[in-house]
Amino acid sequence: MAHSLWETHTSMKKTTDVHRGTLALMVLKTLAVMGPLHGYGLARRIEQISGDRLTLNTGTLYPLLLKLEQEGAITSERGPSENNRSARFYRLTRAGRKQLEAETRAWQETTAQIARFFAVKAEDLP
Amino acid sequence: MKRLRPWLIRLTTSMTRRHDETRLREEIDDHVAFETDANLRRGLTPAEARRRALLTFGSVEAFKENYRDQQGLPAFEHLLQDVRVALRRMWQTPGFTAAAIATLALGLGMTDAVMSLGYATFLRPLPLDGAERIVFVEQTRPDRPVMSGFGYSYPDYVYYRDHARAFTELAGHYSTSPMSVVTPGGPVSVTGAVVTANYFTLLRLKPRAGRFFSVDEDRVPGRDPVAILGYDFWRTRFDGDTSVVGTTVRINGTAFTVIGIAPEDFHGVLAGLESNDVWIPTAMFGVGYRYCDGLSRGCAMVGVVGRLADETTIARAQAELMGLMRQLEMSYPDLEGRGVLVRPAIGIRPLEQATNAPIVALLAAAAGLVLLVASANVAGLLLARGLRRRKEIAVRLAIGASRGRLIRLLLVESVMLAVAGAVAGRLIAAGATELLRAYFLNVDLSLDPRIALLGFGVALFTGAATGIAPALQATRPDMALAMKEGSSGAGRPRSIVREGLIVVQVALSVLLLGAGGLLVRSFLMLHGGAGFDPDRIAIVGLRPSLVGSTNERAWAYQRDVIERLEALPGVLAASPARAPASWPMQPATPARLPGDSTEPANAYQVGTAVVGPRYFKTLGVGVVEGREFDDRDTMDRPRVAVVNETLARHFWPNGGAVGSVMIVGPRRVEVVGVVKDLQWLSALQQPNPVAHLNFWQQETTNPFAQDSRTHVRVAGDAAQRLSEIQRTIATIDPDVPISEPATLAARLDSEYANLRAARTMLVTFGVLALGLSMLGLYAALAFAVGERTREIAVRLALGASRADVGSLVFRRGMAIVSLGIAAGVAACVLAGPFLAHLLYGVSPRDPLAISAGPAMLLVVAALAIALPAQRAMKQDPIIALRAE
């Protein structure tokens, strides 16, 4: 019954599972770049940015948005969408921007580290 | 804080759940709408567009479930669910629920009451502001037990007060001062206290009226006769009239000005059996204690109570006082070997703690047993119900409930039963406490929050312990078979737990009944064994010493009293004694035979009692050998003694006590008689050796020698003659206060109240526990037999005779019960030594007491098996077999 929160629900081979903890970062970054978005638009944008290599589990996205909002990283309010539907629009807060900066730095460090490890060859080491 | 945050969020989420779910629902709808729009744009039909949108989204319910588990506190929520299910089930089976709750309430209630008693006896601080820093400073002596509480001399106290830094305040008190106070209703004997001026400041008390002592009033010996009255004393003897403040009251013959009234719930620092009704300053010590100068170094009457300074520990305070004592010892070598003991002012008086300890222990053991029996009973009920529910449980297991979750559900049920039992138990505890309060006078038995919490913990534990075996049994994986098998369940292995539980239940009941029986027999012995009737004996205290009589005058008075009393019609005998016959005689005086050179420290210790002629005739206690004192034994005759059987057996195992000489303390006495043991006085010990010395041969240096408790034996009910006796005595000298007029029976009742309380509680709870055990046993056995209805039907259908089947069922049942009885009797015998010191006149292996319980249980067991078996056999086999 209990399946992982980060599992994708499609079985398409090409798509990748979203790593644990990275979806929040993607959401924050997308909101920072694109400005206020509603949930559906956010999902499409993230998939688009990933070059359609990621398929989001909507079952994880909305709880995450709720959680981020409860933590104060984003706020939301209802407004009219581009096709005149009423939708909930999410917007980054100052706290969210700070969190994004901090997490971006942390990620860059981590990836740089990992990259160094991948680049290393036996002869490079004394 | 960081780690806490997610939890806080989860917790708030748990509470704002409804809001969040609406929000998610809304987002799901929006998302699906957007997706549908997108699909429409791709040219799908509206229905197909929506279907695909929903498909892409996935299971909405799984999504929500997933979300819930992540966001909330699943364990907490599952618990709430279990509680709801359990509540529903409890509501559905009111009979079972009531029985289980009542049973647990009895066990938990009694445990609660005993915990309260134990707390009050040993741990409760004085009911004062900042009481946790109030300490008693006791003096220890190498040759005496610590708890005897020896006083300091006043100058020593002053030295400690002026030099000790560990205390913000150090007060002195002599709290057992006999005072005769002339009230509007006549002279009354009370216990007063002589205290230093800082006594009330230290205790942070506020006067009910007037004021407390000023430092100046406690400075010059004899100058300021001022007194403070206790609240109760003021209410009963001065009608609660505040105008008594400022008036003059005579205390022990001296006129005192009343300056204040103590607050309502304050009875002195030694509140216990000796509550204080009057306080006077130490400068007036001469009035409160006349036998030596209470302010001099030679007279050590001062008890010390202190308030620890902040940041100081008891150990540091004690070390400091020890150092000061060693400094004093340089000037006063008599302090050599003495020590200081600082102890927190908690519980009742140490001496009474010691006497009450075995009673509290006994009650605790009884409460523990009752709780065990109750738990076993409820476990039996739960087990039976678990078996009845096996179909339901099998279905739950089959549709995927995990065993752990089911066990938890069942445990939640039993814990909730226990919690409900604890709540109902509080009522029982309140009743039991009320009963105890009537006997443990002045012991504050009100419920402390900590005890309430502890009681709740005990209830939780009991619930879990009671439920665990039935829960494990009910959820055994092979229970799945139950679905197929129906409720026939004749399988042996399944009944092992149940039968084992019956064995335990029976064994515990036998142990409880056995111990209860022994104690009840022991109490019966106490009252029937000594062959005397305390209702016929009156005792009055006569204290000429309090009005400053000379020895000659006092003794003439005492002789007159006896003569006049014995001349009254219906009075059979009267005799003066130092102490009332109801007081226990502690073996505290060394005794030896002439020529025996044993070190005094290792000498045989005996109790001493000072009694007059015809004392044993007055009490109705038999003289075994020789004679008792008579009027020939006067001051100018050889000193004589009457010893009890225990003492005579020790020194003269082969007889010949009468005519022999022994040395009791400093006195050389000739034994003129041997009397029966008077150990009915104290049930808690084996008889003490007692030497009775003659009232008319007392050393005159003894300050108490003038006073007596005169014992009077009358033909009828002594209670009806008390006022006549008092009137007669008053005609001899109206100034001498007559104190504590009461029958011996009344004195025994109040002095051994704790024993009576213990007995009443034991008997009450014993009877209840007996009822419980019998009910529980009946239910368990009847259920076990009822379970075999189908098996019995099959046997009958296959041609077995009723007699055969009956004896088969009966034998099995009785075998189980007998096993339990055997275990219980063995436990009784093993527990015997622990009970021995509480028994009097009964061997811990007393067959009657031990066998009464098993006999009753056997009868119940026989009925519990026979009746359902009878019913099962009467049933038409076809019906029984078709019932499934």
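Chains as they are written, first to last, in our numbering: chain A, -9 to 116; chain B, 30 to 913.
For every residue, glycine included, the Cβ atom is placed at its ideal position computed from N, Cα and C.
For B:L400, which residues from the same chain have a beta carbon less than 6 Å from its beta carbon, with the 5 sequence-adjacent residues on both sides left out? The residue given as residue 400 of chain B occupies position 371 in the second sequence. These residues qualify, in order along the chain: G136 and T140.
Buried or exposed by the 16-neighbour rule on C-beta atoms within 10 Å, applied to B:P598: Counting from 1 along the second sequence, the entry for residue 598 of chain B is found at position 569. Counting Cβ neighbours within 10 Å, B:P598 comes out exposed, since fewer than 16 surround it.
Find the nearest neighbour of B:K420 within the set B:L357, B:A498, B:T504 and B:A386, judged by alpha-carbon distance. On the second sequence, residue 420 of chain B is found 391 positions in, with the first residue counted as 1. Of the candidates B:L357, B:A498, B:T504 and B:A386, the one whose C-alpha sits nearest the C-alpha of B:K420 is B:T504.
Is the beta carbon of B:V255 closer than 8 Å to that of B:T286? Here residue 286 of chain B refers to the residue found at position 257 of the second sequence. Here residue 255 of chain B refers to the residue found at position 226 of the second sequence. The answer is yes: Cβ separation under 8 Å.
Minimum Cβ-Cβ distance from B:Q296 to chain A less than 8 Å: Counting from one through the second sequence, the residue named residue 296 of chain B turns up at place 267. First, the residue type needs correcting, since residue 296 of chain B is His and not Gln in the sequence shown. False, the Cβ-Cβ gap to chain A never drops below 8 Å.
With distances taken Cα to Cα, identify the nearest neighbour of B:N717 among B:W725, B:A855, B:P123 and B:K705. In the second sequence, counting from the first residue as 1, residue 717 of chain B sits at position 688. Of the candidates B:W725, B:A855, B:P123 and B:K705, the one whose C-alpha sits nearest the C-alpha of B:N717 is B:K705.
Buried or exposed: B:S243, going by 16 or more other Cβ atoms within 10 Å of its Cβ? Along the second sequence, read from residue 1 onward, the residue named residue 243 of chain B stands at position 214. Its Cβ having fewer than 16 others within 10 Å, B:S243 is exposed.
Quick one, which residues of the stretch 56 to 70 of chain A are near chain B if we go by CB-CB under 8 Å, in chain order? L56, K57, Q60 and E61
At the 8 Å Cβ level, is A:A77 part of the contact set with chain B, yes or no? Here residue 77 of chain A is taken as the residue at index 87 of the first sequence, counted from 1. Yes, A:A77 lies at the interface with chain B (some Cβ there is under 8 Å from its Cβ).
Do the stretch 576 to 589 of chain B and the stretch 621 to 639 of chain B meet, that is, are 3 or more Cβ pairs less than 8 Å apart? no
Residues of the stretch 45 to 76 of chain B with a CB closer than 8 Å to any CB of chain A: list them in chain order, please. D49, R52, L53, E55, E56, I57, D59, H60, A62, F63, E64 and D66
Per DSSP, which residues does B:Q634 bridge with? Please list them. Walking along the second sequence from the start, residue 634 of chain B turns up at place 605. DSSP lists B:P619 as partners of B:Q634.
I want to see whether chain B comes within less than 8 Å of A:T83, judged by CB atoms only; does it? If you number the first sequence from 1, residue 83 of chain A lands on position 93. For A:T83, the answer is no, since every Cβ of chain B falls outside 8 Å of its Cβ.
How long is the line joining the alpha carbons of B:R264 and B:E293, rounded to whole angstroms? Here residue 264 of chain B refers to the residue found at position 235 of the second sequence. Here residue 293 of chain B refers to the residue found at position 264 of the second sequence. Rounded to the nearest angstrom, the two C-alpha atoms are 10 Å apart.
Exposed or buried, which one is B:Y318 when buried takes at least 16 other CB atoms within 10 Å? As a first step, residue 318 of chain B must be located in the second sequence, where it is residue number 289. Buried, by the Cβ-count rule.
Can you round the beta-carbon distance between B:G655 and B:G702 to whole angstroms, since I take them to be within the 8 Å contact cut? Position 626 of the second sequence, counted from the start, is the residue given in the question as residue 655 of chain B. Position 673 of the second sequence, counted from the start, is the residue given in the question as residue 702 of chain B. 3 Å between Cβ atoms; contact.
Note down, in chain order, every chain B residue with its Cβ under 9 Å from the Cβ of A:L29. Locating residue 29 of chain A in the first sequence gives position 39, counting from the first residue. The sequence as given places Gly at residue 29 of chain A; Leu does not occur at that position. Correct list: E56, D59, H60 and F63.
For A:Q98, which three-state DSSP category applies? Numbered from 1 along the first sequence, position 108 holds the residue referred to as residue 98 of chain A. Helix, per DSSP.
Verify the CB distance criterion: does A:T12 have a CB-CB separation below 8 Å to chain B? Indexing the first sequence from 1 puts residue 12 of chain A at position 22. It does not; no Cβ of chain B falls within 8 Å.
Go ahead and pull the three-state DSSP assignment for B:R661. The sequence position of residue 661 of chain B within the second sequence is 632, counting from 1. Three-state DSSP puts B:R661 in coil, outside helix and strand.
Do you know offhand how far B:S325's Cα is from B:F151's? Position 296 of the second sequence, counted from the start, is the residue given in the question as residue 325 of chain B. Position 122 of the second sequence, counted from the start, is the residue given in the question as residue 151 of chain B. Straight-line Cα distance between these residues: approximately 34 Å.
DSSP beta-bridge partners of B:I280: Here residue 280 of chain B corresponds to residue number 251 of the second sequence, with the count starting at 1. DSSP lists B:V210 and B:T283 as partners of B:I280.
Just to confirm my understanding: we take B:G147, look at its own chain, exclude 5 residues before and 5 after, and list those with CB closer than 8 Å. What are they? Position 118 of the second sequence, counting from 1, holds the residue named residue 147 of chain B. Only V389 and A393 meet the Cβ criterion.
Skipping 5 residues on each side, what residues in its chain have a beta carbon closer than 7 Å to that of A:G62? Numbered from its first residue, the first sequence carries residue 62 of chain A at position 72. Counting only Cβ-Cβ distances below 7 Å, and skipping sequence neighbours, we find T83 and A85.
So that I know if they touch, is there some Cβ in chain B lying closer than 8 Å to that of A:N73? Locating residue 73 of chain A in the first sequence gives position 83, where the first residue counts as 1. At least one chain B Cβ lies under 8 Å of A:N73.
Can you round the beta-carbon distance between B:V223 and B:V217 to whole angstroms, since I take them to be within the 8 Å contact cut? Taking the first residue of the second sequence as position 1, residue 223 of chain B is located at position 194. Taking the first residue of the second sequence as position 1, residue 217 of chain B is located at position 188. The pair is not a contact, with the Cβ atoms about 18 Å apart (cut-off 8 Å).
Give the C-beta separation of B:R432 and B:E167 to the nearest angstrom, bearing in mind that I take them to be a contact with Cβ-Cβ under 8 Å. Position 403 of the second sequence, counting from 1, holds the residue named residue 432 of chain B. Position 138 of the second sequence, counting from 1, holds the residue named residue 167 of chain B. In fact, because the Cβ distance is near 59 Å, the residues do not count as touching under 8 Å.
Provide the residue(s) that pair with B:F196 in DSSP beta bridges, ordered along the chain. As a working note, residue 196 of chain B is residue 167 in the second sequence. In DSSP, B:F196 forms a bridge with B:L337.
If you reduce the DSSP assignment to three classes, tell me which class B:V792 lands in. What you label residue 792 of chain B is simply residue 763 of the second sequence in a count that begins at 1. Three-state DSSP puts B:V792 in a helix.
If the criterion is Cβ atoms closer than 8 Å, does the pair B:S443 and B:L416 meet it? Here residue 443 of chain B corresponds to residue number 414 of the second sequence, with the count starting at 1. Here residue 416 of chain B corresponds to residue number 387 of the second sequence, with the count starting at 1. In this structure, B:L416 does not lie closer than 8 Å to B:S443 by Cβ.
I need the DSSP call for B:R697, collapsed to helix, strand or coil. For this step, residue 697 of chain B is matched to residue 668 along the second sequence. If DSSP states are grouped into helix, strand and coil, B:R697 belongs with the strands.
Would you say B:C321 and B:V539 are within 8 Å of each other, going by their C-beta atoms? The sequence position of residue 321 of chain B within the second sequence is 292, counting from 1. The sequence position of residue 539 of chain B within the second sequence is 510, counting from 1. No, the Cβ-Cβ distance between B:C321 and B:V539 is not below 8 Å.
So is A:T48 in contact with chain B if we call contact Cβ pairs under 8 Å? Here residue 48 of chain A refers to the residue found at position 58 when the first sequence is read from its first residue. Yes, A:T48 counts as interfacial toward chain B.
Could you check if B:W120 is buried or exposed, using at least 16 other CB atoms within 10 Å of its CB as the buried criterion? Sequence index remark: in the second sequence, residue 120 of chain B carries index 91 (1-based). Exposed.
Name the one or two DSSP bridge partners that A:R81 has. For the purposes of this step, residue 81 of chain A is taken as the residue at position 91 of the first sequence. BP columns for A:R81 point to A:T65.
Beta-carbon gap between A:D28 and A:A105 smaller than 8 Å: Numbered from its first residue, the first sequence carries residue 28 of chain A at position 38. Numbered from its first residue, the first sequence carries residue 105 of chain A at position 115. Here the sequence assigns His to residue 28 of chain A, which means Asp is not the residue at that position. Cβ atoms of A:H28 and A:A105: not closer than 8 Å.
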